Every structure is written in structure tokens, then in C-alpha cells.
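Quick note on the numbering used here: the sequence shown kicks off at 35 and runs consecutively.
Cβ coordinates follow ideal geometry from the N, Cα and C atoms, glycine included.
A quick note: this is a predicted structure, and the numbers were derived from the prediction, not measured.
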Amino acid sequence: MAASSQRDVSAASSCKVVDSHLHVWASPQQAKEGYSYFPGQEPTLRGDADFLLECMDEAGVDGALVVQPINHMFDHSLVSSVLKKYPSKFIGCCLANPADDGSGIKQLEHLIVQEKYRAVRFNPSLWPSGQKMTNEVGRSLFAKAGELGAPVGIMVMKGIGLYIQEIEELCRDYPETTIILDHMAFCKPPTNNEEEKAFSSFLSLSRFPQCSFPHLKRSISI
35 MAASSQRDVS
45 AASSCKVVDS
55 HLHVWASPQQ
65 AKEGYSYFPG
75 QEPTLRGDAD
85 FLLECMDEAG
95 VDGALVVQPI
105 NHMFDHSLVS
115 SVLKKYPSKF
125 IGCCLANPAD
135 DGSGIKQLEH
145 LIVQEKYRAV
155 RFNPSLWPSG
165 QKMTNEVGRS
175 LFAKAGELGA
185 PVGIMVMKGI
195 GLYIQEIEEL
205 CRDYPETTII
215 LDHMAFCKPP
225 TNNEEEKAFS
235 SFLSLSRFPQ
245 CSFPHLKRSI
255 SI
């Protein structure tokens with residue numbers, strides 16, 4: 035029993051503790067020096083890399099997946115600088131730019147291939163008004179992510195019910211692209227028929243083998 039306990043302690047101490055989803059943004063001074071905030075998205079809390087590292091050290095966290103924050107919208111320069119400065123601490127998830135001109139497709143390839151981001155976030159709220167993730171640009175972004183081996187994390191802040199058909203369509207048409215439904219698709223324990231329907235639609239995505247639900251169980255290697 036004692037030997038078994040020692041092995042368990044040894045195994046636990048050799049495992050990395052990784053935060054699977056967090057953000058960093060520029061300090062006010064960094065914003066003045068070139069890492070400007072997107073208009074209207076100025077942060078109200080501290081979230082610079084130095085502060086993050088202090089918090090990680092205090093909490094015993096070894097590494098993290100850094101997701102491009104809305105504070106800098108599609109300007110990834112701040113997060114890229116953090117990834118380059120601390121390559122053993124962080125890996126990156128970029129933010130898909132669904133602009134009508136398709137410029138986000140080239141940007142996605144650059145971020146994955148040149149800047150070494152490992153995943154991409156789709157935020158359907160950022161699509162042009164009246165457009166869906168399944169439009170021409172969205173499909174091209176989704177296909178490119180699969181081609182580059184980058185999982186697509188979909189953040190459905192307004193509820194999965196609004197986007198379930200789009201997600202299912204992308205799953206069917208691009209089975210080679212891995213999908214991550216983070217935040218449990220913003221579902222909560224159902225207390226009425228509407229919430230039950232939303233949660234059931236979320237769980238139904240498990241029929242697609244390329245779908246993952248990281249806040250249920252997810253491992254990331256750094």
C-alpha cells in the first residue's frame with residue numbers, strides 16, 4: 035500500500051498542470067507602445083502576461099492554451115509576442131476573421147504555419163450581419179483549418195440552438211476538421227423544455243467523431 039501511494043505521488047508530481055483556456059491582453063503601457071486595443075473593447079481588468087505568470091506560479095499551473103482575446107480582435111501581435119517569449123509555457127489559439135473579402139483565410143494560414151498557433155476559434159457573433167458560419171468564407175476557413183491540422187473551437191455565446199444546424203452542416207461536409215465545443219456550448223443543467231432541447235442538441239453532436247467537449251474532459255500536450 036505504501037509503495038502504491040508513493041508511485042501515485044510520483045506520477046502526480048510528474049504531470050503538468052495545464053489551463054486549457056485563458057486570455058492575455060496588453061497592459062495600458064503596452065497599448066501605448068503599439069499593442070492597441072480594439073475600439074470599444076478596452077479591458078477593465080489587468081490581463082498582461084507578467085500578471086498571468088504570477089497567477090500561474092501562485093496556483094501551481096505549468097502551462098496554458100492562450101486564446102486570442104476580443105480586446106485585440108483580429109490583431110494577433112500581442113498574443114504572438116507572448117507565445118514567442120514563452121514557448122515552453124504557452125500554445126496559441128487564434129481568432130478566425132470572417133471578413134467578406136476573404137482576407138481572414140490567408141491570415142489563418144499565416145498564423146498557423148508561420149506563427150505556430152495550434153488551433154482557431156470561430157465566434158459566430160463576429161460574422162457579418164445576416165451571414166452564417168456556413169457561408170463561402172466560413173467554409174473556406176473551416177476547410178483550411180482541417181487542412182492545416184488545427185482544431186476549430188466554436189464559441190456559441192448566444193446559445194447552441196441558434197447555430198446547431200450550421201455546426202452539423204460543417205461536421206457533415208468537413209469530417210477531417212476537428213471541432214471543439216468549448217464552455218459546454220454555454221449549456222446549463224436544464225430546468226425547462228427550451229434548455230432541455232438545447233442540451234440535447236449539444237449532446238447529439240457526439241455522433242460526430244471529430245467533435246470534442248473540453249470542459250467535460252480534455253487533454254492538451256505542451
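The three-state reading of DSSP puts G195 in helix, counting H, G and I together.
In this structure, DSSP gives R155 an extended state, which the three-state scheme calls strand.
Taking a cut-off of 8 Å on C-beta distances, the segment 166-175 touches the segment 120-138, as three or more cross pairs fall below it.
Runs of alpha helix (DSSP H) with 4 or more residues, each lying fully within the segment 121-191, are found at 137-147, 170-182, listed in chain order. Relative to E181, the option among C49, P162, T211 whose CA is nearest is T211. C89 carries a helical assignment under DSSP once its states are collapsed to helix, strand and coil. In summary, R152 is buried, with 16 or more beta-carbon neighbours lying within 10 Å of its beta-carbon over all protein chains present. For S61, no beta strand (DSSP E) encloses it, and the DSSP letter there is neither H nor E.
For S234, the secondary structure class from DSSP, reduced to helix, strand or coil, is helix.
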